[in-house]
Structure formats: structure tokens, C-alpha cells
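Let me begin by presenting the structure, written as C-alpha cells, before commenting on it.
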Amino acid sequence: MNQNPFVQTIFMFIGVICLAKLLAIFPLLLIVAIIFSGAFVTTIWIISQDIKKTKEICKYPIGERWIDFVQNISKVKPSNTDPDIYEALDQETSSRSIKIEMLEPEHFQEGKKWIKSLLKGHDTEINKLFNNLQTSVELYQHSVEKGHIIKKPVGSYLILGPSGIGKTYCARLMSKLLYPEKGFLMIPMNELNKEHDVNILFGGNSGGHNMDTGGQLTRSILKNPYQLILLDKINKSHPSIHDALFQVLNTGKSTDRSSGLEVNFLNSIIFATATLSKTIQKQLDAIQKQNLSSEMWKKSVIEVITSEIGFDYTFLTRFDQILYFSELDDISVAEIALLELVKHYKENGLFLTYTEPEVLLKTIERIQPTRDFGIHDLKRAIYDMTKIPMLEAKRSDLEYVQLGINDLGEVSLFEQGTNREIKPQNQMSISEIAILEIVQQYKKFGLTLIYIEPEIIMEAIERIQPVRNQNPSEISKIIFNMVKTNMIEATKSGMDKVKLSINSLGNICLVNPETEKEIVKSL
């Protein structure tokens, strides 16, 4: 096409005249043109500002084709300000990738917002993490730009806290954010508790163990140097491993002992986690209340950790930052539970569109006995609250549901728009009776059931079905004979919280929640 501005102006002028004559003959075209232009401009705004609305339009084939057409013509890019843009990061095959060298301040702000939306109860520590990480990345970028020698990994962080608090989850989320294309290496350090286990990480030397099978850390980084490394439960590993990791944290380099090759950790980010006892938690809680500077905080924490756990002081100083995930409060625990519910329901083709505030209070009340046993038990307890109506919603081909409180004061699901409670009309009352009777039987022995295996509930329903309209005492007798196993033994051992489960022989049994072991009759 001719690039001469004068020629282009003439062609444009002729085109305008032709269009004006065409509109004079067919005035309806003007209305169509106005509608088309309005729709076009509106779509551009939606694509650039409202990612959720864009996704809704793309659910329909014609909507998806229209979005593609507008994007191809206008070259507009989707909004990247909504946390939902990171939804794709939950897929292993995610194609989104931003190199460390290309990260901008806005990426950190978006990432921090996304992490906070998924990891509840640790906002202060997440702020510290992102502030430090942004500074570290900027220094890394400056060194790359100026050609300076990089002397350490991009960042290194130690997360302390009780079990089941979100330490490992935080590292996983950071990996999806920074290295989405399978750039995550998790090593269970609690399995490396012998001196020669250092070879499992760094390869075996001429006289060592695992000469051919070792190098789990070094070989992985040789293959892909752009990774987030998680050293999970590092406090359980042998001190000789800490000595070897010291060089990695200090210089960003190490050697694969099997091949003799130098391994470069300069493009990696290292996370380590350590589980703390109640005693250490109390000490760190007290330090946290003093509002110390980051420098004094790190020094005080290191002093506690070295004296109580036995970490080498110098080794701990090599971490860029030490974070402390304290015990979750009730609201945070409930928020986590509800997030898990939304996720689980979505996996089953259901979408929670609204949750009544009262559900939060009920959730806290229900999960209180499980709080000492981590988030995993918490998820299961909350799921059990609504699993029966969830199955009924799936049978009814419902898609959008709401979480609320029914007339009995229980958490339940309701159909969106009609506020109809979702429950099996015939079997729901039987299951309620079964669960209530099981709980009451254990309560008589001073035991609190914090979990009941679903198969046990179904068996109870089958047993009481024939006598449901008879004397209630008959139902109580049936349930007692069904679940009486080892109740007396559990009471003798001084326990007050137990789980009702199925053992390897297929029999109903009681389980100690702290050890996850079956409570057996003592000889």
C-alpha cells in the first residue's frame, strides 16, 4: 500500500464520500453502524477492565468469537489487575511465565494481592516477604543489567510456625507466581536425618553413599536453574546437610559430587520451613509483640531457634528473611475452610455464589475441636457439614448454590434465586438421626467425635432404616452396639477427642487424632 500521506488522505476522502452516499440511500445502515460501534467500544472496555465479565461472555461460542474478533482488530489486552488472572496458575500446563529479569513493581502488587486472597491469617508476614523479595529482585536485575557478579540466590526465606498453618502452601503459591512452568522443587528434609544423606541432595563422592542415585537437588538445578526450591521441615534434617546448604545460601553455588559439575543457584529462590513446638511459639509470640526492627527481630528469633532447636547460628543468618506464621485466629481458620469449600464445590461442578455471615460463626463452632490438628482435618470437618446436600445438588443438575443456615440452625445449601434448601427429602432425616445418635453415644462416655468416616454414617442409616418409626430407644441400642468398640479403652487413656474410622480389616475403630493411630484394647 502507498505510504504517501497525501495519497492516503485522498483515498480516505473518497471513502468518506462513498460511505455518506450509501447511508443516504440506506439510512438503516447508520443505525446498524452506531449499534456495532457501541458494542465494539463496550467490548474493548470489558476486555481491558473486567476479566470476570470477559470470561462469562466467552462461555458461549458466539461470545468467544466476538471477543477474539474485537481483540484482533483493536489489539487490546485483557486486564491483569484482577486476582483471577492467576487462576491458570493452578494448572500444571500453565503457559504464563514472567522472567525474574522482567518483573516490575506492579507484578509484586498483583502477586501479593493474589497470595493474600488464598493464604489467610498471615498478611503481615506476606507484606514482609514481598517487600524483601521486591528489593532482592531489583538488586538482581541491577546486577544483570550492569554485568556485575551475582553472589547469592535471588532470595532465601525461612518460614517458622506450627504444623498445618500454611508454610508449605505459601511456598507453593510463590512458585506458581514466579516459576509457573513447573519450576518447583520440594524436598522433604525430615527424611534426611543421617549424616550420609547429604549425598541424596548433592550426589555421592567416590567413597560415599548414593553415588549413582543421589544429587536430588543439584541434578534438578543443573537441568532447570530457574526454580523455587522448598526445603520442607529443615529442622528435622541432619546438621551435615545444613553445612552443605550454607555454601548454597552464601555463594549461590555448589558442586554435584557425582559428576564434579558446578551447580549455579543464582537464578533460584529458596524457601525452607521449620515446625515449632508450643514452647518456642510462645517465645516468638512474645518477641513479635515488641515491634522490633526487622534486623533486631531476625537476631532475636535466631537466638531462640539456635538454643531450642540446635540450628547453627551462622547458617540461619544466611537467610535473607525469617518469617513467623503464628497460630491462626478463628476468623482466619473459618475463611480458609470456606475457601476450601468453594474450591471443592467447583471441582464438583457447583459454584457457591453467596455465604451467610452466620455460617462463619457456625464454622468456627464446628471446627474448634480440630484446630490443634491442622488445616487438613479442618477441611474435612467443614466438608462433612454439607456433603449430603452437595450430592443432592449434583443429582438435581444445579450449578449455582448458596451457603446458609436452615430452620434447624445447621449449615446447609440453598438453591440460588429460590432459597430452597437442598436436601434429600427422604434420607436426610435418617442421616441426621444416625449422626446425632453416634455423637450422643460417645458424649455419654465424655468423648468428643471430631470426625466420622462417611461409610460409617451410611452403615448406620442402613441399620436404623427398618426401625426408624419404632421406639427411639431401639435406635439408640442399635447405634451403641455398632460403635461401642474401644470406647471404654479411650476413656481409660484420658482422651477427650477421637475420630471414628474404618481400620485395615474393614472394622469400625477409634483413632487418636494426635497420632492418627488406632486405639486398641490393652492386654
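Quick note: the sequence shown uses my numbering, first residue 2, plus one each step. Glycine included, each C-beta is placed from N, C-alpha and C at the ideal position.
Would you report the Cα separation of residue i and residue j, rounded to the nearest angstrom?
i, j, result
"K395", "K344", "15 Å"
"Y443", "L399", "36 Å"
"D313", "K153", "19 Å"
"A40", "I47", "10 Å"
"F1", "Q466", "Look at the range of the chain in this structure, 2 to 524, and you will see that residue 1 is not part of it."
"Q248", "S255", "7 Å"
"R421", "I270", "50 Å"
"T449", "D233", "32 Å"
"Y227", "Y141", "14 Å"
"N225", "F203", "15 Å"
"E309", "M391", "47 Å"
"I451", "K121", "23 Å"
"F185", "R173", "7 Å"
"I86", "E341", "Because I86 carries a pLDDT of 28, less than 50, the predicted location of this residue cannot be relied on, and no value is offered for it."
"H239", "I306", "16 Å"
"N427", "S164", "Below a pLDDT of 50, predicted positions are generally treated as unreliable, and N427, at 46, falls in that range; the measurement from the model is reported next regardless. Whole-angstrom Cα-Cα distance: 41 Å."
"E515", "E456", "22 Å"
"I15", "T44", "30 Å"
"T492", "T356", "38 Å"
"I36", "T419", "36 Å"
"V33", "H108", "41 Å"
My understanding is that residue i touches residue j, with C-beta atoms under 8 Å, so please give their C-beta distance in whole angstroms.
i, j, result
"N191", "K237", "4 Å"
"S502", "E454", "5 Å"
"C510", "E519", "5 Å"
"D257", "G311", "Not confirmed; about 28 Å, so no contact."
"E438", "S413", "Actually they do not touch by this definition, with Cβ atoms about 20 Å apart."
"L324", "E139", "The pair is not a contact, with the Cβ atoms about 20 Å apart (cut-off 8 Å)."
"I406", "I436", "Rounded, the Cβ-Cβ distance is 17 Å, inconsistent with contact."
On the criterion of 16 or more Cβ atoms from any shown chain inside 10 Å, does residue i qualify as buried, or is it exposed?
i, result
"H123", "buried"
"P181", "buried"
"V291", "Per the sequence shown, the amino acid found at residue 291 is Gln instead of Val. Under this definition Q291 is an exposed residue."
"L317", "buried"
"P358", "exposed"
"N508", "exposed"
"G208", "Bear in mind that the predicted position of G208 carries a pLDDT of just 45, short of 50, making it unreliable; the figure below should be weighed with that in mind. Counting Cβ neighbours within 10 Å, G208 comes out exposed, since fewer than 16 surround it."
"H243", "buried"
"P106", "exposed"
"N128", "exposed"
"R97", "With a pLDDT of only 36 at R97, under the threshold of 50, the placement of this residue in the model should not be trusted; the figure read from the coordinates follows. Counting Cβ neighbours within 10 Å, R97 comes out exposed, since fewer than 16 surround it."
"V521", "exposed"
"A21", "exposed"
"Q110", "exposed"
"F446", "exposed"
"G261", "exposed"
"D321", "buried"
"N268", "buried"
"Q403", "buried"
"M488", "buried"
Smallest Cα separation from residue i: which of the options?
i, options, result
"L329", "L414, G162, H143, I15", "G162"
"A273", "D331, S176, T280, Y227", "S176"
"T136", "E348, S157, K147", "S157"
"L179", "K195, G148, W115", "W115"
"I281", "R220, R319, E304", "E304"
"S221", "T252, I188, L362", "I188"
"F415", "F352, D497, A245, Q441", "F352"
"N504", "V512, D497, K498", "V512"
"L119", "K500, D497, N482, A335", "A335"
"G1", "A245, L231, I11", "Outside the modelled stretch of the chain, which goes from 2 to 524, sits residue 1, for which no answer is possible."
"L218", "N265, G148, N251, N194", "N265"
"I332", "V499, V360, S294, Q417", "V360"
What first and last residue would you give for the alpha helix (DSSP H) that runs through residue i?
i, result
"S502", "Not the alpha helix (DSSP H): S502 falls in the beta strand (DSSP E), residues 498-503."
"L223", "217-224"
"M190", "Premise fails: M190 is in no alpha helix (DSSP H) and is neither H nor E."
"K147", "124-147"
"A346", "The identity of residue 346 in the sequence shown is Tyr, whereas the question assumes Ala. Element bounds for Y346: 331-348."
"S413", "Element bounds for S413: not the alpha helix (DSSP H) but the beta strand (DSSP E), 412-416."
Please report whether the beta-carbon of residue i lies at a distance below 9 Å from any beta-carbon of chain D.
i, result
"I303", "Chain labels in this structure do not include chain D; a single protein chain is all it has."
In terms of residues, what are the limits of the beta strand (DSSP E) holding residue i?
i, result
"Y401", "401-406"
"Y158", "156-162"
"I230", "229-233"
"K254", "254-256"
"N513", "509-513"
Taking 8 Å as the cut-off, is the beta-carbon of residue i closer than that to any non-hydrogen atom of the ligand NAP?
i, result
"S294", "Because no ligand of any kind appears in the structure shown, any question about the ligand NAP cannot be addressed here."
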